[in-house]
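Input: a single structure, listed below in structure tokens.
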Amino acid sequence: MIALLLALGSSLAYGCADFLGGLGARKAHVLRTVLVAAPASLAVELLLWPVLGASFSTAALGWGAASGVASAAAFALLYRTLAIGPMNVLSPVTALVSAALPVAVGLLQDEHLATAGLVGLPLALLAVVLVSAGHGAGSARPSRTALLLAFGAGAAIALQLVCLHQAPSGSGVAPLIVGRAVSSAVTLAAAGLLRRRLGPERPAYALSATAGVLDSLANLLFLLAARSGDLTVVAVITALYPAGTVLLARGVLAERIHRGQLVGLGTAAVAVSLLALT
905 MIALLLALGS
915 SLAYGCADFL
925 GGLGARKAHV
935 LRTVLVAAPA
945 SLAVELLLWP
955 VLGASFSTAA
965 LGWGAASGVA
975 SAAAFALLYR
985 TLAIGPMNVL
995 SPVTALVSAA
1005 LPVAVGLLQD
1015 EHLATAGLVG
1025 LPLALLAVVL
1035 VSAGHGAGSA
1045 RPSRTALLLA
1055 FGAGAAIALQ
1065 LVCLHQAPSG
1075 SGVAPLIVGR
1085 AVSSAVTLAA
1095 AGLLRRRLGP
1105 ERPAYALSAT
1115 AGVLDSLANL
1125 LFLLAARSGD
1135 LTVVAVITAL
1145 YPAGTVLLAR
1155 GVLAERIHRG
1165 QLVGLGTAAV
1175 AVSLLALT
């Protein structure tokens, strides 16, 4: 039950962070948004160090650094995806990819899916097709570029979660600190190389920083949940995070989606729920 509650809390924090990060990326180049979000996340994790402790072993450093590289890619790809929109379609696509890959890793590590999981995976693929389809100019149909970015973001998120799960259970918040430090450095280097393409717009500092803080909280809750539960279960429960993003997108941005895409979103909810039952 503790692992379930932690995973659900992580899901809620990820959903809110994604919405705010997507809004921030609409106001300025995505790298400018990440340049604010990543250090804000690092600051939170450094504050948690004295409270939760940290053991910087070789394994913690290695898996933390790997998660940081994946995190930097996930930040940029996800915020760019949500900036293009529509959030309430692309966010579930990203979530399904980020859930399916950890399940595959869990299976390779001798975890076993029950019948519900064997049904849930095909349903997840069907949901991706449904939410990707639109009808007419007035529908909320994502572009091909947005879909590719969504798949890439999902893969990067999955890799980040898998790396955090592989870190030693006694390492405290060390993997989070190392990962965020690496992701901040990667983002800073990318911004330096692309500084002429960043444009003159200033980032939305409050939105971006809040997104970073929430993302850090989500990572912490996932790490604690993964240490007390199975990766296949915790990852797919965490993948419910689009619920928060979709609700905020509908309430704040008044985004609309086609009836067929609503069916796809419902199928996605069923698929993730079935996977969680495993």
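Residues are numbered in the numbering used here as their position in the sequence shown, beginning at 1, plus a constant of 904.
The beta carbon of each residue, even a glycine, is placed where N, CA and C say it ideally should be.
Gly1155: CB within 7 Å of a non-hydrogen atom of the ligand MG: Ligands in the displayed structure: none, and consequently the ligand MG is not present.
Three-state secondary structure assigned by DSSP to Ala958: Residue numbering aside, residue 958 sits at position 54 when the sequence shown is read from its first letter. Three-state result, Ala958: strand.
Reduced DSSP category for Gly1076 - H, G, I as helix; E, B as strand; rest coil: Along the sequence shown, one-based indexing puts residue 1076 at 172. DSSP places Gly1076 in strand when its eight states are reduced to three.
Nearest-angstrom beta carbon gap, Ala1129 and Ala911 [assumed within contact, 8 Å]: The residue you call residue 911 lines up with position 7 of the sequence shown. The residue you call residue 1129 lines up with position 225 of the sequence shown. With a Cβ gap of about 4 Å, Ala911 and Ala1129 count as contacting.
Spatial neighbours of Leu1068 in its chain, beta-carbon cut-off 6 Å, leaving aside the 5 residues before and after: As a working note, residue 1068 is residue 164 in the sequence shown. Cβ within range, chain order: Ser971, Pro1079, Leu1127.
Boundaries (first-last residue) of the alpha helix (DSSP H) holding Ala1108: Residue numbering aside, residue 1108 sits at position 204 when the sequence shown is read from its first letter. Per DSSP, Ala1108 belongs to no alpha helix (DSSP H) and is neither H nor E.
Check whether Trp967 and Ile1081 have beta carbons under 8 Å apart: Start at 1 with the first residue of the sequence shown, and residue 967 comes out as number 63. Start at 1 with the first residue of the sequence shown, and residue 1081 comes out as number 177. Cβ distance not < 8 Å, so Trp967 and Ile1081 don't count as in contact.
Where Ser975 falls: helix, strand or coil (DSSP): Translated into the one-based positions of the sequence shown, residue 975 becomes position 71. Ser975 falls in the helix class under three-state DSSP.
Beta-carbon proximity check, Val993 vs Gly1058, cutoff 8 Å: Working through the sequence shown from its first residue, we reach residue 993 at position 89. Working through the sequence shown from its first residue, we reach residue 1058 at position 154. Not a contact, by the Cβ cut-off of 8 Å.
Reference Thr1149, options Lys931, Tyr918, Leu908, closest by Cα: Walking along the sequence shown from the start, residue 1149 turns up at place 245. Comparing Cα-Cα distances from Thr1149 to each of Lys931, Tyr918, Leu908, the minimum goes to Tyr918.
Identity of the residue in Leu1005, Ile988, Leu1027 nearest Leu1053 by Cα: What you label residue 1053 is simply residue 149 of the sequence shown in a count that begins at 1. Per the Cα distances, Ile988.
Short Cβ contact (8 Å threshold) for Ala964 with Ser1073: Along the sequence shown, read from residue 1 onward, the residue named residue 964 stands at position 60. Along the sequence shown, read from residue 1 onward, the residue named residue 1073 stands at position 169. Not closer than 8 Å, so no.
Own chain, CB closer than 6 Å to Phe1204, minus 5 neighbours either side, in chain order: Look at the range of the chain in this structure, 905 to 1182, and you will see that residue 1204 is not part of it.
CB contact below 8 Å: Ala1113 versus chain C: In summary, chain C is missing from the structure at hand, where a single protein chain is found.
Rounded C-alpha distance that separates Gly1164 from Leu909: Stepping through the sequence shown from its first residue, residue 1164 is reached at position 260. Stepping through the sequence shown from its first residue, residue 909 is reached at position 5. Taking the straight line joining both Cα atoms gives about 32 Å.
Ala1115 and Leu924 closer than 8 Å at C-beta: Numbered from its first residue, the sequence shown carries residue 1115 at position 211. Numbered from its first residue, the sequence shown carries residue 924 at position 20. Contact: yes.
Ser1132 to Ile1141 span [Cα, whole Å]: The residue you call residue 1132 lines up with position 228 of the sequence shown. The residue you call residue 1141 lines up with position 237 of the sequence shown. Each residue's Cα considered, the two are about 14 Å apart.
Delimiting residues of the alpha helix (DSSP H) encompassing Thr919: Here residue 919 refers to the residue found at position 15 when the sequence shown is read from its first residue. A small correction: the amino acid at residue 919 is Gly; Thr does not occupy that position in the sequence shown. Element bounds for Gly919: 906-931.
Cβ neighbour criterion (16 or more within 10 Å) applied to Glu949: Your numbering for residue 949 matches position 45 in the sequence shown. That one is buried.
Beta-carbon gap between Ala1031 and Ala1122 smaller than 8 Å: Position 127 of the sequence shown holds residue 1031. Position 218 of the sequence shown holds residue 1122. For Ala1031 and Ala1122, no; Cβs fall outside 8 Å.
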